[in-house]
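Chains as they are written, first to last, in the numbering used here: chain A, 78 to 280; chain B, 78 to 280.
Number of protein chains: 2
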Amino acid sequence: MGERGRPRSFDRANALQRAMELFWAKSFEGVSLSDLTTTMGINPPSLYAAFSSKEALFREAVELYRSTEGSRIWSCLDIAATARDAVFGMLRKSAEDFSRTDKPRGCLVVLGALHSDLSNTAVNRDLADLRVQSVMQLQERLQRGVEEGELSQAVDVQAIATFYVTVQQGMSIQARDGASREMLLATADCAMVAWDGLVAGQA
Amino acid sequence: MGERGRPRSFDRANALQRAMELFWAKSFEGVSLSDLTTTMGINPPSLYAAFSSKEALFREAVELYRSTEGSRIWSCLDIAATARDAVFGMLRKSAEDFSRTDKPRGCLVVLGALHSDLSNTAVNRDLADLRVQSVMQLQERLQRGVEEGELSQAVDVQAIATFYVTVQQGMSIQARDGASREMLLATADCAMVAWDGLVAGQA
DNA sequence: CCTTTTCTGTATCGATCGATAAATAAATCA
DNA sequence: TGATTTATTTATCGATCGATACAGAAAAGG
Numbered sequence: 078m079g080e081r082g083r084p085r086s087f088d089r090a091n092a093l094q095r096a097m098e099l100f101w102a103k104s105f106e107g108v109s110l111s112d113l114t115t116t117m118g119i120n121p122p123s124l125y126a127a128f129s130s131k132e133a134l135f136r137e138a139v140e141l142y143r144s145t146e147g148s149r150i151w152s153c154l155d156i157a158a159t160a161r162d163a164v165f166g167m168l169r170k171s172a173e174d175f176s177r178t179d180k181p182r183g184c185l186v187v188l189g190a191l192h193s194d195l196s197n198t199a200v201n202r203d204l205a206d207l208r209v210q211s212v213m214q215l216q217e218r219l220q221r222g223v224e225e226g227e228l229s230q231a232v233d234v235q236a237i238a239t240f241y242v243t244v245q246q247g248m249s250i251q252a253r254d255g256a257s258r259e260m261l262l263a264t265a266d267c268a269m270v271a272w273d274g275l276v277a278g279q280a
Numbered sequence: 078m079g080e081r082g083r084p085r086s087f088d089r090a091n092a093l094q095r096a097m098e099l100f101w102a103k104s105f106e107g108v109s110l111s112d113l114t115t116t117m118g119i120n121p122p123s124l125y126a127a128f129s130s131k132e133a134l135f136r137e138a139v140e141l142y143r144s145t146e147g148s149r150i151w152s153c154l155d156i157a158a159t160a161r162d163a164v165f166g167m168l169r170k171s172a173e174d175f176s177r178t179d180k181p182r183g184c185l186v187v188l189g190a191l192h193s194d195l196s197n198t199a200v201n202r203d204l205a206d207l208r209v210q211s212v213m214q215l216q217e218r219l220q221r222g223v224e225e226g227e228l229s230q231a232v233d234v235q236a237i238a239t240f241y242v243t244v245q246q247g248m249s250i251q252a253r254d255g256a257s258r259e260m261l262l263a264t265a266d267c268a269m270v271a272w273d274g275l276v277a278g279q280a
């Protein structure tokens, strides 16, 4: 039961990686098939045979982003010992990753397809869902803090989660506009200054 | 010295207003000439005669946005009696305006052209400049607070200005993702919880 | 060998992009 | 009145968009 037919002549994973970085740098609508085939080093029929369509390729690129770049940012929610460390770690990792010199700046999930065209409605909704998910993820981590006794039950976990995700999403814009790593880290620090007040009990 | 030639048959200001709301809702790249002519109720030659090009029309639309919608958000920097009221007012007005039901959600300057295509490089840089300007504007207001004795000279006005603009820019993303007015206002409140700590002197 | 299967390169599809040429209509100037 | 000027409508322009038809090439099955 070996592989039938002519074998693929390019590395699919490598081509996907290149496509991901292209979408990351220029968004779904900003990348043309011509851009993709040039960067991936293949012709259109090979792209369609391996990835079905531009939209399907983008979805795979987003999944690759989430399992690599995105994971580095959000994994500390599970790792950090306290809710505070989870939030601070997420912001610090965002500041660091958004200002890498060898990668596009900012977050693919935030910048990848902000506007809903006629042609990208599904892609746009997918990313919006992921952004909403990230609020939920943080909210659940804060709720865990409540249940573990770290945070008061009077704390408004939804408002706090929304606030810190808002800061993190704004950092994508700042990173795109050239903010230095130091400034992004300073922004994370500023956001954490609110922590003690936010978890004091009064929403 | 009256007007020569056939008079324009449409209201230029009204057409510009409609174009502005279209760009606001769908971004520069997301709006086609066909979209524009349909919404403005004119044919392509009339658009080009009155506005020169899609890019020039976008620039005028951004200026209209800044002098109306944008002004409502940033004018409190000059009006508010204290630096704190200036920041809080800017965030509150953003939360309110970004969640209006009769207008596109979020900010045209933030969402209007985030990625730089081959065709929109200039437009993209213009908006990026405006975003950097908004940090400078807030920073100058904070500096005024220092000079008036409201804030300590040890305060890091650049970091604080960047932080609050980051929150405001993140609110554009949140607004696009459907965040309620209450949640946006709660985010503004959360950001202000950091104020006392931020202006305490230690950066 | 020949058939089947799958991938590859070339060349191009119809649709849409931003932008205009050409002819006509409506105003002022002389 | 005619000449001039500007705006309008219609019908496109060349370029690019995402996506494919087609024929040849490279593998496995028989």
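Glycine is no exception: its CB is placed at the ideal position from the N, C-alpha and C atoms.
Model, not experiment: these values are computed from the prediction.
Taking a contact to mean a Cβ-Cβ separation below 8 Å, would you say serine 249(A) touches phenylalanine 135(A) in this structure?
Cβ distance not < 8 Å, so serine 249(A) and phenylalanine 135(A) don't count as in contact.
Report yes or no: is there a C-beta of chain B within less than 8 Å of the C-beta of lysine 131(A)?
No - not a single Cβ of chain B is within 8 Å of the one on lysine 131(A).
What are the start and end residues of the alpha helix (DSSP H) that includes proline 121(A)?
Run containing proline 121(A): 121 to 128, per the alpha helix (DSSP H) assignment.
Check whether the Cβ of methionine 78(A) lies closer than 8 Å to any Cβ atom in chain B.
Legend: pLDDT at methionine 78(A) = 49, less than 50; position of this residue unreliable, value from coordinates given subsequently. So no, methionine 78(A) is outside the interface.
Please list the segments of the alpha helix (DSSP H) lying wholly inside the stretch 193 to 253 of chain A, counting only runs of 4 or more residues, in order along the chain.
If we require 4 residues or more, the alpha helix (DSSP H) runs fully inside the stretch 193 to 253 of chain A come out as 198 to 224 and 234 to 253.
Grab me the residues of glutamate 227(A)'s own chain with a C-beta within less than 7 Å of its C-beta, minus the 5 sequence neighbours each way, in chain order.
Only Thr159 and Ala160 meet the Cβ criterion.
What number of angstroms, rounded off, separates the C-alpha of glycine 107(A) from the C-alpha of serine 111(B)?
If you take the alpha carbons of glycine 107(A) and serine 111(B), they lie about 19 Å apart.
Would you report the Cα separation of proline 181(A) and histidine 192(B), rounded to the nearest angstrom?
Computed Cα separation, rounded: 11 Å.
Assign isoleucine 237(B) to buried or exposed, taking buried as 16 or more other Cβ atoms, counted over all protein chains shown, within 10 Å of its Cβ.
Result: buried.
Chain B beta carbons: is any one of them nearer than 8 Å to that of glycine 278(A)?
For glycine 278(A), the answer is no, since every Cβ of chain B falls outside 8 Å of its Cβ.
Are the C-beta of leucine 188(A) and some C-beta of chain B separated by less than 8 Å?
True, the Cβ-Cβ gap to chain B drops below 8 Å.
Assuming glutamine 214(B) and valine 223(B) are in contact, meaning their beta carbons sit under 8 Å apart, how far apart are those beta carbons, in whole angstroms?
15 Å between Cβ atoms; not a contact.
Does valine 270(A) get closer than 8 Å to chain B when you measure Cβ to Cβ?
Yes, valine 270(A) counts as interfacial toward chain B.
At the 8 Å Cβ level, is lysine 180(B) part of the contact set with chain A, yes or no?
No, lysine 180(B) lies away from the interface with chain A (no Cβ there is under 8 Å from its Cβ).
Quick check on leucine 113(A): does DSSP put it in helix, strand or coil?
In this structure, leucine 113(A) counts as helix in the three-state DSSP scheme.
Can you check whether the C-beta of lysine 170(B) is within less than 8 Å of a C-beta belonging to chain A?
So, not an interface residue.
Output needed for serine 171(A): all residues of its chain with C-beta closer than 7 Å, excluding positions within five of it in sequence on either side, in chain order.
The residues are Ile150, Gln245 and Met248.
Tell me the rounded alpha-carbon separation between alanine 126(A) and leucine 113(B).
If you take the alpha carbons of alanine 126(A) and leucine 113(B), they lie about 36 Å apart.
Cα separation between asparagine 91(A) and tyrosine 241(A)?
Distance between the alpha carbons of asparagine 91(A) and tyrosine 241(A) is about 34 Å.
Can you check whether the C-beta of aspartate 174(B) is within less than 8 Å of a C-beta belonging to chain A?
Output row for aspartate 174(B): interface = no.
Ignore the nearest five residues each way along the sequence and tell me which others in alanine 163(A)'s own chain have a CB closer than 7 Å to its CB.
Correct list, in chain order: Cys153, Leu154, Ala157 and Arg218.
Could you name the residues of chain B that alanine 205(A) contacts, counting a contact when the two beta carbons are closer than 7 Å?
Chain B residues near alanine 205(A): Asp254.
Do we get a CB-CB distance below 8 Å when we pair arginine 208(A) with the residues of chain B?
Answer yes: the Cβ-Cβ gap between arginine 208(A) and chain B drops below 8 Å somewhere.
Using a Cβ-Cβ cut-off of 8 Å, state whether valine 232(B) counts as contacting chain A.
No, because no Cβ of chain A sits closer than 8 Å to the Cβ of valine 232(B).
Determine contact between the stretch 115 to 129 of chain A and the stretch 86 to 105 of chain A, defined as no fewer than three beta-carbon pairs at a distance below 8 Å.
A contact exists between the stretch 115 to 129 of chain A and the stretch 86 to 105 of chain A.
DSSP three-state call for serine 144(A): helix, strand or coil?
Note: serine 144(A) maps to helix in three-state DSSP.
Can you grab the Cα-Cα spacing for the pair phenylalanine 87(B) / serine 148(A), in whole Å?
Roughly 53 Å separates the two Cα atoms.
Using C-beta distances below 7 Å, list every residue in its chain close to glutamine 235(B), excluding the 5 sequence neighbours before and after it, in chain order.
Correct list, in chain order: Gln216.
What is the DSSP secondary structure of leucine 191(B), reduced to helix, strand or coil?
In this structure, leucine 191(B) counts as coil in the three-state DSSP scheme.
Which of helix, strand or coil does DSSP assign to glutamate 98(B)?
Helix, per DSSP.
Check the C-beta distance from threonine 239(B) over to alanine 256(A) and give it rounded, since I have them as a contact under 8 Å.
Between alanine 256(A) and threonine 239(B) the Cβ distance is about 7 Å, and since that is below 8 Å, they are a contact.
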